[in-house]
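To keep things clear, I will list the structure first and then write my remarks on it.
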Amino acid sequence: MKKLTLLLAIVMILGLVASASAIDQKGKVAIGGYAGYGMGFGDAFKDVKVGYDDPVLGFVGYSFKNKLTFAFGGKVSYGLTPNLALVGALDYQAGKAEVKVSAGGFGAGASESYHWMAILANIKYVLTPEAKTCPYLTVGGGFYMPEEGDSKPGVNGGIGLEHFFQPNLALDAGARFHMIFTEDNSTTYAQILVGVIYYLGVK
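When you line the sequence shown up against numbering that gives the first Met the number 0, it's residues 0 to 202, in that order.
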């Protein structure tokens, strides 16, 4: 029974990928929006704990933690060939810094929100052009602009898929990894994103 269920699942997935949609993406302009969640990696997102053990009070010190939260943005793409497209995106990523001061088992904490915008220019490679479900890869660069401080260049890459509900409208879901070129190369983060994309001029 398990083998039959697995076989049926494989057939359904292959049917989804192989079923043709009514769209040829070459020469088409598409606009989309997305939302999701960010996760930080590297030195910029390590927990920091500074303090000392007092014989009476116990641990005295503070801890500092950076973590990313929600993300959203929009993008525009243009199909160069059935497999390749140029994609421009405006991306927003929010974060939260949490500080806690403690002494003798008692403590007080505070948090402060922060964010940055990114302007991205990518190449998208579609693995199954003109199919109902289109997995794709993206790679490119961009500028990352914090609310305070100078803009920094960076690179990004990701995977995703578009699943067409209509000839001109698709679910767009995937993940994207970013590396910002800071002085110590420690600011890297990933996003999980879900949205929709609409192809103009397709009926």
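The C-beta atom is built at its ideal place from N, Cα and C for all residues, glycine as well.
DSSP places PHE176 inside the beta strand (DSSP E), whose first and last residues are 168-179. Judged by DSSP secondary structure, SER150 falls outside any beta strand (DSSP E); it is assigned neither H nor E. If you look at VAL100, you'll find it in the beta strand (DSSP E) that goes 83-102. Within 10 angstroms of the beta-carbon of GLY72 lie 16 or more other beta-carbons, which makes it buried. Exposed is the label assigned to LEU199, since fewer than 16 other Cβ atoms lie within 10 Å of its Cβ. Exposure of LYS48 is indicated by the presence of fewer than 16 other C-beta atoms within 10 angstroms of its C-beta. Each of VAL125, THR127 and MET116 was checked against the Cα of PHE142, and the nearest Cα belongs to MET116.
Contact between ALA84 and LEU119 does not hold, since their C-beta atoms are separated by about 13 Å, which reaches or exceeds 8 Å. Two segments are said to touch when three or more pairs of C-beta atoms, one from each, lie closer than 8 Å; by this definition the stretch 37-45 touches the stretch 173-186. Residue state for ASP52 is assigned as strand, using DSSP reduced to three classes. With a 10 Å radius around the Cβ and a threshold of 16 neighbouring Cβ atoms, ALA107 comes out exposed.
Using a 10 angstroms sphere on the CB of GLY153, the tally of other CB atoms reaches 16 or more, which defines it as buried. A distance below 8 Å between beta-carbons, with the five flanking residues on each side excluded, links PHE40 to the following residues of its chain, in chain order: THR187, TYR188 and ALA189. The C-beta distance from TYR135 to LEU168 rounds to 17 Å, too long to meet the 8 Å contact threshold. In this structure, ASN155 places its C-beta atom within 8 Å of the C-beta atom of PHE176.
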